[in-house]
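Numbering (my numbering), first residue to last: 3 to 154. Here is the structure we will look at, set down as C-alpha cells.
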C-alpha cells in the first residue's frame, strides 16, 4: 500500500501514483513601517496540499473504475482521513480536482493508458471521525440537502 484516502487504497491492484508533491504554507500578517522592513506576525498554518500524478493501465495494473471512485468521492464533498503506507496518519483531506487524459484506445474507445493528476487539500481534522468515515454531522447535511432537492 502506498497510501489510503478514506477507504480508497492506492496500491498496484487498484491505482498507483508515480509522483507525489506536497506544498505547505504558513500565514504571516504584515504592517508597513517607515524606514524599515515590514513588521510581521505569525498567525497560523496556511494551505497544505498534495498533488499525485500517475498512470492507469488496466491491462497491466490497476482497476479501470478507480478514477470513477475518486471522482465520486470528490462529488460527495467530504473530508477523508489520509494514512501513509508506513501507517502515519496525515489528517483530513478533501479532493479538490481530478484531471485525466487517455491514450492508446481500443476499438471500443476505451483508453489502454490513462494519465491522471489528483489534487488534495488539508482541512481541519474535525471534518472526519476517527474511523476515517465522513462525520455524521456532514452526512446529515448532505442527506437533508438531497431530500430537499438541493445540490450538496
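Ideal Cβ placement from N, Cα and C applies to all residues, glycine included.
query	result
Identity of the residues DSSP links to residue 97 by a beta bridge	122
Rounded C-alpha distance that separates residue 33 from residue 124	28 angstroms
C-alpha distance - residue 12 paired with residue 55, whole-angstrom precision	12 angstroms
Bounding residues of the alpha helix (DSSP H) (the contiguous stretch that carries residue 35)	Element bounds for residue 35: not the alpha helix (DSSP H) but the beta strand (DSSP E), 21 to 35.
Euclidean distance between Cα positions of residue 1 and residue 28	Nothing about residue 1 can be read from this structure; the chain reaches only from 3 to 154.
Contact under 9 angstroms by Cβ, residue 121 with residue 10	no
Straight-line Cα distance separating residue 76 from residue 99	8 angstroms
Nonlocal neighbours in the same chain, by C-beta distance under 8 angstroms from residue 73, ignoring five residues either side	100
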